[in-house]
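Asks: Sharing a structure below in structure tokens format, with a few things to ask.
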Amino acid sequence: MGEEILINFTPMETRVAVIENGMPQEIYVERTARRGIVGNIYKGKVVRVLPGMQAAFVEIGLERAAFIHVEDVVAQGELPEDKSSLSISHVLKEGQSLVVQVTKDPIGTKGARLTTHLSIPSRYLVYMPGSSHVGVSQRIEDPEERDRLRSILQASIASEEEGQEPAGFILRTVAEGASENELIADVKFLKRLWQAVQEKTKKAKVPSAVYEDLPLNMRALRDMTQAGIERVRIDSRETFQKAQEFSQALVPEIADRLEYYPGERPIFDLYNVEDEMQKALGRKVDLKSGGYLIFDQTEAMTTVDVNTGAFVGHRNLEETIFKTNLEAATAIGRQLRLRNLGGIIIIDFIDMELEEHQRQVLRTLERVLEKDHAKCKVTGVSDLGLVEMTRKRTRESLEHILCEPCSQCQGRGTIKTPETVCYEIFREILRQHRAYDTDTYLVLAAAPVVDYLLDDASDHVAELESFIKKTIRFQVEAMYSPEQFDVVLR
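Right, here's the structure in full:
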């Protein structure tokens with residue numbers, strides 16, 4: 001079975017699923033009210049220069065100022081060999097206006113990340129105004145094809161009229177096999193688009209957006225429809241018609257693979273996409289063998305723990321562990337794409353005695369990651385037997401888009417037990433007893449805490465009452481969280 005893309009469109013949100021061999025591999029969600037801004041170009045204003053961090057904050061119209069590092073301001077060719085001699089305060093001044101592009105969405109508490117090295121993608125190319133570099137995607141491996149593509153682009157650049165500003169290009173993976181006419185049409189399209197952006201920038205106020213990347217449903221057609229995609233199914237007639245117009249203009253070879261899906265079953269019920277999304281929000285992922293994975297996403301990194309669970313099927317323990325780890329490596333590669341996890345990822349495979357087994361598990365993981373559109377780098381096994389890797393993060397993970405920290409535990413994942421809260425209440429009563437004079441204390445708390453105080457801790461309450469010679473009363477507050485309480489003097 002080949003690959004297909006499912007696009008589920010509603011006015012509030014668009015969801016895209018990439019299916020390979022009947023299994024969802026990638027899921028993207030874009031809320032209309034909170035569209036990602038990666039790729040957008042802004043005319044911004046430098047609000048703070050931070051020499052100690054070699055960086056600056058730039059106001060681009062978001063609630064938090066965005067962040068730019070000195071290396072993202074100075075062109076690569078102009079970087080001195082000794083980078084410490086380059087100071088951000090020589091390059092940027094507070095109050096100056098600056099045309100910048102977003103390379104990372106605001107994630108968690110971090111503002112957006114910016115660059116002045118602008119790039120605009122089309123179907124086959126990425127256009128880089130002001131550069132003269134022609135690069136070819138690493139994933140195009142055939143040397144003859146790389147040379148053919150590069151020479152078409154270089155001929156196109158050489159034929160430019162004098163006076164035109166220099167421009168560089170990167171040939172994207174999907175350019176493999178593209179004809180000369182298709183590539184030249186893309187070059188012309190990008191130059192016209194860049195001309196329009198420049199015109200808009202001259203007239204724009206500060207801060208404001210001067211170029212916005214396509215919405216998710218159109219980005220999916222532009223970026224995800226590689227040669228292997230057999231069809232793209234869309235469940236909204238209006239979006240389907242827009243997709244047809246868009247593909248005829250920019251991606252003509254997939255026009256005949258677009259299908260309108262009017263089925264009675266919701267489109268995300270095909271291939272169990274809805275179920276897989278729910279599973280991708282959980283910590284635990286069950287493996288067919290009986291083993292399981294535990295994913296923990298923190299601010300600094302994501303950790304993945306591999307466990308054998310109930311799997312004891314093979315002749316010996318080493319074989320059992322090896323089989324579980326192999327299955328885990330494949331599942332982890334898929335889960336990283338499905339959950340869109342980025343940054344540092346630490347994988348704790350079950351310890352293996354044989355070096356050959358370790359090598360095969362690592363090779364399996366690397367092979368699975370080769371299919372990933374995001375750049376992944378596995379740095380090998382650490383002294384503690386942990387596999388360390390990174391995956392390029394540009395947009396929020398699925399969990400961050402669909403979930404928020406729990407109001408009860410503030411994202412810790414645990415809450416204090418009623419017993420712990422009960423002892424905190426005792427300490428607070430003693431503190432108030434020393435400071436104030438009163439006849440009665442009224443304790444307001446959540447039901448589980450009051451139940452614990454009246455049942456399991458009733459002896460302790462009686463002891464405390466006789467010690468302070470005061471009465472303690474209790475009242476359940478339905479709106480209180482399990483950790484919240486008040487001690488009121490009566």
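Numbered by full-length UniProt numbering, the letters in the sequence shown go through residues 1 to 490 in order. Note that beta-carbon positions come from the ideal geometry of N, C-alpha and C, so glycine has one too.
1. To which residues does DSSP link Asp348 through a beta bridge?
2. Determine the DSSP secondary structure at Glu99, reduced to helix, strand or coil.
3. Short of 8 Å in beta carbon distance, which residues of its chain neighbour Gln96, apart from the five on each side in sequence? Order them along the chain.
4. Going by DSSP, what residues sit across from Gly343 in a beta bridge?
5. Closer than 8 Å is the cut-off here; do at least three beta carbon pairs connect the region 88 to 105 with the region 147 to 154?
6. Secondary structure at Asp223, three-state DSSP: helix, strand or coil?
7. Going by CA-CA distance only, name the one from Leu125, Ile19, Leu50 and Ala329 that's closest to Ala175.
8. Should Asp186 go down as buried or exposed, given a rule of 16 or more other Cβ atoms within 10 Å for buried?
9. Can you look up Ile120 in the DSSP assignment and give me helix, strand or coil?
10. What is the rounded straight-line gap between the Cα of residue 501 and the Cα of Val488?
11. Less than 8 Å between the beta carbons of Ile140 and Arg148, yes or no?
12. Which same chain residues end up closer than 6 Å to Met218 when comparing Cβ atoms and leaving out the 5 residues on each side of it in sequence?
13. The alpha helix (DSSP H) with Thr420 in it runs from where to where?
14. Tell me whether His133 is buried or exposed, calling it buried when 16 or more other Cβ atoms sit within 10 Å of its Cβ.
15. Work out the CA separation of Tyr271 and Arg237 for me, nearest whole Å.
16. Under the three-state reduction of DSSP, which class applies to Thr10: helix, strand or coil?
17. Looking at the unbroken beta strand (DSSP E) that takes in Met23, where does it start and where does it end?
18. Determine the contact status of Pro418 and Pro448, defining contact as a CB-CB distance below 8 Å.
19. Nearest by alpha-carbon distance to Ala255: which of Leu281, Arg222 and Gly282 is it?
20. If I'm right that Asp486 touches Leu444 with Cβ under 8 Å, what's the distance once you round it to whole angstroms?
21. Return the CA-CA distance between Leu369 and Val16, expressed in angstroms with no decimal places.
22. Taking C-beta to C-beta, are Phe189 and Ser87 nearer than 8 Å?
23. Can Ile267 and Tyr260 be called in contact, C-beta distance under 8 Å?
24. Can you tell me where the alpha helix (DSSP H) holding Ile41 begins and where it ends?
25. Roughly how many angstroms separate the alpha carbons of Ile5 and Glu94, rounded to a whole number?
26. Decide if Glu230 is buried, meaning its Cβ has at least 16 other Cβ atoms within 10 Å, or exposed.
27. Just verifying my parser: in three-state terms, what is the DSSP assignment at Asp459?
28. Any beta carbon from chain C within less than 8 Å of Pro405's own beta carbon?
29. On the premise that Thr324 lies in contact with Thr308, defined as a C-beta separation below 8 Å, what is that separation, rounded to the nearest angstrom?
30. Taking the alpha-carbon of Leu430 as reference, which of Glu465, Phe57 and Ala66 has the nearest alpha-carbon?
31. For Phe240, is the classification buried or exposed, using 16 other Cβ atoms within 10 angstroms of its Cβ as the cut-off for buried?
32. Would you kindly work out how many angstroms separate the C-alpha atoms of Ala280 and Ala328, rounded to a whole number?
33. Please classify Thr179 as buried or exposed, where buried requires at least 16 neighbouring CB atoms within 10 angstroms.
34. Take Lys377 and list the residues in its own chain whose beta-carbon comes closer than 7 Å to its own, dropping the five residues that flank it on each side.
35. Residues in its own chain within less than 8 Å of Ala33 by CB, not counting five upstream and five downstream?
36. Do you know how far the Cα of Asp348 is from the Cα of Ser382?
Replies: On the basis of the supplied data:
1. Asp305
2. The identity of residue 99 in the sequence shown is Val, whereas the question assumes Glu. Val99: strand per DSSP, three-state reduction.
3. Lys45 and Val46
4. Arg391
5. no
6. helix
7. Leu125
8. buried
9. strand
10. The first residue shown for the chain is 1 and the last is 490, placing residue 501 beyond what the model contains.
11. no
12. Phe246
13. Pro418 to Ala435
14. exposed
15. 21 Å
16. coil
17. Met23 to Arg31
18. yes
19. Arg222
20. 5 Å
21. 20 Å
22. no
23. no
24. Ile41 -> not in any alpha helix (DSSP H); beta strand (DSSP E) instead, spanning Ile41 to Leu50.
25. 46 Å
26. exposed
27. helix
28. The structure shown contains no chain C; it holds only a single protein chain.
29. 5 Å
30. Glu465
31. buried
32. 15 Å
33. Residue 179 is actually Ser in this sequence, not Thr. Exposed.
34. Met389 and Thr390
35. Met12
36. 10 Å
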